[in-house]
Amino acid sequence: METPICRACGCSLVRLGISQEKAVSYYYNEKQYWFCCDGCLELFKSQAEQLLHETSDLVVCPVCLAEKPIDATVMHSFNSMKFNFCRCPYCLDVFKQNQEYYIKRLAWQTDYAGIFGEQEGCCH
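For the sequence shown, our numbering begins at 3 and goes up steadily by one.
Next up, the structure:
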């Protein structure tokens with residue numbers, strides 16, 4: 003499952019608590035990309051191909067929201083969707099207890115406040 007990752011810094015926008023409404027969006031080669039801030043977008047514009055290459059294999063664990071290279075994860079399927087988890091067995095156990103919530107959170111469909119909570123954090 004694809005989840006929004008800033009293509010400049012590699013951070014999960016869900017982990018940072020950046021909603022789709024607050025995220026910076028940009029189309030490049032007819033594809034929409036998301037960024038955590040205007041600064042990351044400007045960085046992307048100056049070296050798009052390099053940054054796309056550097057972040058192309060990043061996935062996000064649905065539970066702890068850690069950004070990992072896909073080869074450093076384990077895959078689990080649910081309702082014919084595939085999810086990549088960090089290697090921590092706890093995350094998979096927690097996911098199995100409330101799969102619908104974690105799927106919705108990963109897809110930007112919850113009001114998750116992110117690691118900074120309600121405070122301003124990261125680039126905002």
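Think of the CB as a built atom: it goes at the ideal place given N, C-alpha and C, for glycine as much as any other residue.
Owing to the predicted nature of the structure, the values given are computational and were not obtained by experimental measurement.
If contacts are defined as beta-carbon pairs under 8 Å, then residue i and residue j qualify, I think. What distance do you get, rounded to the angstrom?
{"i": "Trp36", "j": "Cys63", "result": "Contact doesn't hold; Cβ gap of about 18 Å is too wide."}
{"i": "Val26", "j": "Cys13", "result": "Actually they do not touch by this definition, with Cβ atoms about 12 Å apart."}
{"i": "Tyr114", "j": "Gly19", "result": "6 Å"}
{"i": "Gln111", "j": "Phe80", "result": "About 15 Å; that fails the 8 Å criterion."}
Rounded to the nearest angstrom, what separates residue i and residue j at their Cα positions?
{"i": "Val65", "j": "Ile117", "result": "12 Å"}
{"i": "Pro131", "j": "Phe97", "result": "Only positions 3 to 126 of the chain appear in the structure, and residue 131 is not among them; the question remains open."}
{"i": "Ala10", "j": "His55", "result": "10 Å"}
{"i": "Lys106", "j": "Cys93", "result": "16 Å"}
{"i": "Glu4", "j": "Val16", "result": "12 Å"}
What residues in its chain sit with their C-beta under 8 Å from that of residue i, if we drop five residues either side in the sequence?
{"i": "Met77", "result": "Lys84, Phe85, Asn86, Phe87"}
In chain order, what residues of the same chain lie with their CB nearer than 7 Å to the CB of residue i, ignoring the 5 residues before and after it?
{"i": "Glu2", "result": "Nothing about residue 2 can be read from this structure; the chain reaches only from 3 to 126."}
{"i": "Val61", "result": "Lys70, Ile72, Thr75, Asn86"}
Three-state secondary structure (DSSP) at residue i?
{"i": "Gln121", "result": "Residue placement at Gln121 cannot be trusted, given a pLDDT of 49 that sits under 50; the coordinates are not used to answer."}
{"i": "Lys98", "result": "helix"}
{"i": "Pro71", "result": "strand"}
{"i": "His55", "result": "helix"}
Using the Cβ count rule (16 or more neighbours within 10 Å means buried), how would you classify residue i?
{"i": "Pro6", "result": "buried"}
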